[in-house]
Each structure stands twice: as C-alpha cells, then as structure tokens.
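**Student:** Please read through the structure below; I'll follow up with questions.
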Amino acid sequence: MIGHRILSRFHEPLKAATEGTHDWLDAWDWDPGRISGALPDVEVYIGSKLGAEDARRAARLRLVHVVGAGYDGIPFDALAPGVTVATTHHHGPSIAEHVLMSALMLSRDVLTADRALRDGRWSNVAVDPGLPFGSTLRGRRVGIIGFGETGTEVARLCQAVGLGVRAVRRDPTAPVPTGLRPDWVGGDDRLPELLAESDIVVVTVPLGPATRGLIGPDELKAMGPGSLLVNVARGPVVQEEALYEALRSGTIGGAALDVWWSGPPDPPSRLPFHELSNVLMTPHNSGHTADTFAARAAEIAGNIGRLLRGEPLVNVVRGP
C-alpha cells in the first residue's frame with residue numbers, strides 16, 4: 001500500500017520490485033475508512049504516518065517503510081513485534097541547496113527588494129542611501145546543529161562558498177566525512193559556543209525529547225542581533241513564541257523557516273510570522289525535488305525486493 005501523496009508519482013519502480021507477485025494499492029487519496037478496511041491484508045505500507053488503530057488492524061504487516069528520515073509519525077508501540085520499520089534519505093543535497101538559497105536571500109534582503117520592485121519602487125542603496133547594505137557569505141561563519149546527512153551536506157555547500165563551518169552533534173567522536181574541513185565539531189555541550197560565534201545557525205536535528213524546545217529565549221539571545229536562523233529540522237525544535245519575539249524585537253536578524261508547529265490545512269503557526277519582513281517562509285518543501293523522490297523510490301523498491309528474498313534490509317530503525 002502506497003500511503004504517500006508524493007511517492008505515488010514514482011510508483012513504477014515500487015511495483016516492479018514485486019515482479020507481479022503482489023497487488024499494489026495507491027491509497028494516498030483514500031478516505032480513512034477505506035484505508036482501514038484494506039489494511040488487514042497489507043504486507044508493506046509505504047508512508048510517513050500511520051495511525052495506531054490502523055497499525056493494530058494490519059495483521060499481515062511485515063514492513064512499514066517511511067518516506068524520509070523522520071519516523072515520528074509511526075506508532076511503534078502499536079505495531080506487532082515482527083514488523084520492520086525502515087527509513088530512506090537522499091534529501092541532503094536538496095535541503096542543503098535550500099539552506100544556502102535561504103541564507104543568500106536573507107543576507108541580501110531579496111524579499112524586500114522583490115516586493116518593492118513589484119510595487120514600482122527601486123529599493124537599493126544607490127536610490128535610497130538610508131537602506132542597509134546586504135552582506136556576502138564568504139568569510140562568515142555557519143553553525144550547524146546536527147551533523148548527519150543533512151548537516152554534512154549543508155557543511156559541504158557552505159564550505160564551497162567560503163563560509164567557516166562549525167557543528168555540534170550527539171557523538172562528537174564520529175568521523176567527519178571526507179572532503180569536509182570544519183573549524184570544529186563538538187558535542188551538545190558546545191551549543192552555547194556555536195551560537196555565540198556563528199553568523200548563521202542551521203538547525204538539522206531530528207525531533208525528540210532531547211531536542212524539543214532546544215532553541216529558546218536564551219539561545220536566541222546568544223546568537224546576536226545580526227545573526228540568521230535557518231530551520232529545516234522540525235518546527236518544535238525551536239520554541240515558537242521565543243522565535244517570534246526574537247524576530248519582532250530584532251534580537252536576531254532574520255530567519256528562514258521551512259518547518260512549522262502545525263501542518264496543512266491549518267496555518268503554519270498561531271503567531272503572525274507572515275507579518276514580519278525578516279522571515280522567509282516555505283511550506284516544508286526544502287527536500288521536495290524530483291531527484292530526492294526518484295532516489296527514495298529506488299531505495300524503497302530495493303528494500304521490498306530484499307524483504308521478498310529474505311535478505312537484510314537497509315536503513316532499519318526497528319527490526320522484526
């Protein structure tokens with residue numbers, strides 16, 4: 001069963017993986033009752049969310065394959081003991097490009113210039129000497145919170161344009177990928193140091209008990225008034241009210257937010273971030289490129305083939 005809207009557009013490699021031995025259900029647009037009725041016969045569920053009751057109904061389920069790295073939408077406790085949960089990645093390059101784009105747009109105040117010119121006004125320092133100058137990224141410092149697939153890809157691009165890189169991660173002793181030359185990589189205890197010395201702070205950590213609310217008033221104050229925050233992790237890693245107030249008051253210079261505190265069809269936040277001119281808002285689409293999902297579909301298809309052949313799966317986060 002394909003329960004993921006985007007991946008349903010890449011269904012051919014998935015269906016080819018079973019070589020005609022199984023039926024496939026494109027269920028991303030089904031109503032909940034129809035999904036619940038079909039789940040008892042489903043062996044493989046592909047999606048990012050599965051309700052606890054639906055998980056309990058899936059008596060023949062063997063594999064839940066998440067479409068991405070985050071598996072917080074899967075009710076592990078409701079799954080039968082023999083069910084495997086696997087993830088897929090391939091989003092790092094797409095998200096890293098989004099991070100770099102966001103940092104450039106905020107540093108050059110592209111949104112203000114775009115809005116002004118659409119209104120017929122030339123908003124640049126030659127026409128209006130009172131406007132602040134934009135800044136280049138070369139020679140500035142980026143601090144990356146989380147140094148997994150996304151964080152290391154962000155570091156790779158930032159390094160290429162001349163940014164100094166530092167990072168914190170849970171295991172500071174893990175090897176740094178080949179080709180990266182960060183100024184330093186430390187443990188979580190060095191977060192205050194990273195915040196204080198970074199011009200741009202990029203949040204890439206997964207959401208969990210240790211990271212929920214990680215960035216609050218004290219952390220934002222430590223960043224300083226000219227700093228930028230880019231969040232491509234999960235909204236609740238950053239405290240909502242604290243960030244809004246820091247942006248409104250000028251405690252930090254700006255933010256690019258691709259992740260939020262609620263999802264569609266609700267507004268992204270209960271606070272009016274959209275009224276702030278120093279915020280770049282995107283709808284959690286930093287990883288939504290054709291390249292990302294084609295690679296994910298191929299990897300999921302590979303895992304399904306391994307499952308049918310009785311071989312070990314890759315990217316397993318919960319074994320049978």
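The letter at position 100 of the sequence shown is residue 100 when you use our numbering, and the numbering goes up by one with no holes. Every residue, glycine too, gets a C-beta built ideally from N, C-alpha and C. The structure displayed is predicted, hence computed values, not measured ones.
Let me know the secondary structure DSSP gives Thr18 once reduced to three states.
**Tutor:** Of the three classes helix, strand and coil, the one that applies to Thr18 here is coil, per DSSP.
**Student:** Mind checking which residues open and close the beta strand (DSSP E) that includes Asn231?
**Tutor:** Start and end: Leu228 to Asn231.
**Student:** For the beta strand (DSSP E) containing Tyr45, name the first residue and the last one.
**Tutor:** Element bounds for Tyr45: Val44 to Ile46.
**Student:** His11 to Ala297, Cα distance in whole Å?
**Tutor:** So the alpha carbons of these two residues sit roughly 7 Å apart.
**Student:** Quick test of the definition: if touching needs 3 or more C-beta pairs under 8 Å, does the region 231-243 touch the region 251-259?
**Tutor:** Touching, per the Cβ criterion.
**Student:** Determine the direct distance from the alpha carbon of Asp23 to that of Gln239, and round the result to whole angstroms.
**Tutor:** Approximately 45 Å between the Cα atoms of the pair.
**Student:** For Met281, which residues does DSSP report across the bridge?
**Tutor:** Partner(s): Leu257.
**Student:** Under the rule that 16 or more other beta-carbon atoms within 10 Å means buried, what is Asn285, buried or exposed?
**Tutor:** Asn285 is exposed by the Cβ-count criterion.
**Student:** Which partner residues does Leu307 have in the DSSP bridge list?
**Tutor:** Looking at the DSSP assignment, Leu307 forms no beta bridge with any residue, so it has no partner.
**Student:** Just verifying my parser: in three-state terms, what is the DSSP assignment at Ile6?
**Tutor:** Coil, per DSSP.
**Student:** Leaving out five residues on either side along the sequence, give the residues of the same chain with a beta carbon under 8 Å from the beta carbon of Gly319.
**Tutor:** Thr84, listed in sequence order.
**Student:** Just how far apart, CA to CA, sit Ser135 and Arg108?
**Tutor:** About 6 Å.
**Student:** Any idea if Thr204 is buried or exposed, counting beta-carbon neighbours within 10 angstroms, 16 or more meaning buried?
**Tutor:** Looking at its Cβ environment, which holds 16 or more other Cβ atoms inside 10 Å, Thr204 is buried.
**Student:** Do the CB positions of Val165 and Ile145 come within less than 9 Å of each other?
**Tutor:** No. Outside cutoff.
**Student:** Contact between the region 183-197 and the region 98-107: three or more CB pairs below 8 Å?
**Tutor:** Flag = no, the region 183-197 and the region 98-107 do not touch.
**Student:** Would you mind reading off the limits of the alpha helix (DSSP H) that contains Gly37?
**Tutor:** Taken as a continuous stretch (DSSP letters only), the alpha helix (DSSP H) holding Gly37 covers Pro32 to Ala38.
**Student:** Nearest by alpha-carbon distance to Arg181: which of Asp199, Ala174, Arg156 and Ala301 is it?
**Tutor:** It is Arg156.
**Student:** Whose CA, out of Ala242, Arg212, Thr211 and Pro206, lies closest to the CA of Leu220?
**Tutor:** The shortest Cα separation from Leu220 among Ala242, Arg212, Thr211 and Pro206 belongs to Ala242.
**Student:** Over the uninterrupted beta strand (DSSP E) stretch that includes Ile145, give me the two end residues.
**Tutor:** Per DSSP, Ile145 belongs to the beta strand (DSSP E) from Arg141 to Ile145.
**Student:** Cα separation between Ser36 and Leu50?
**Tutor:** Approximately 10 Å between the Cα atoms of the pair.
**Student:** Between the alpha carbons of Ala78 and Val230, how many angstroms are there, rounded?
**Tutor:** Going by the C-alpha atoms only, they are around 34 Å apart.
**Student:** Anyone know if the C-beta pair for Val67 and Ile95 falls short of 9 Å?
**Tutor:** It is not a contact, given that the beta carbons lie outside the stated cut-off.
**Student:** Sort Asn124, Thr292, Arg138 and Leu63 by Cα distance to Leu163 and report the nearest one.
**Tutor:** Leu163 has its Cα closest to that of Arg138, out of Asn124, Thr292, Arg138 and Leu63.
**Student:** Identify the continuous alpha helix (DSSP H) that holds His98 and give its terminal residues.
**Tutor:** First-last of the alpha helix (DSSP H) with His98: Gly92 to Ser107.
**Student:** Would you call the CB atoms of Glu197 and Arg141 closer than 9 Å?
**Tutor:** Going by C-beta atoms, Glu197 is nearer than 9 Å to Arg141.
**Student:** Run the CB neighbour count on Phe147, radius 10 Å, all protein chains shown included, and call it buried at 16 or more, exposed below.
**Tutor:** Flag for Phe147 reads buried.
**Student:** With a threshold of 8 Å on Cβ separation, who are the neighbours of His274 within its own chain once the five nearest residues in sequence on each side are excluded?
**Tutor:** Around His274: Met281.
**Student:** What residues in its chain sit with their C-beta under 6 Å from that of Pro129, if we drop five residues either side in the sequence?
**Tutor:** There are no such residues.
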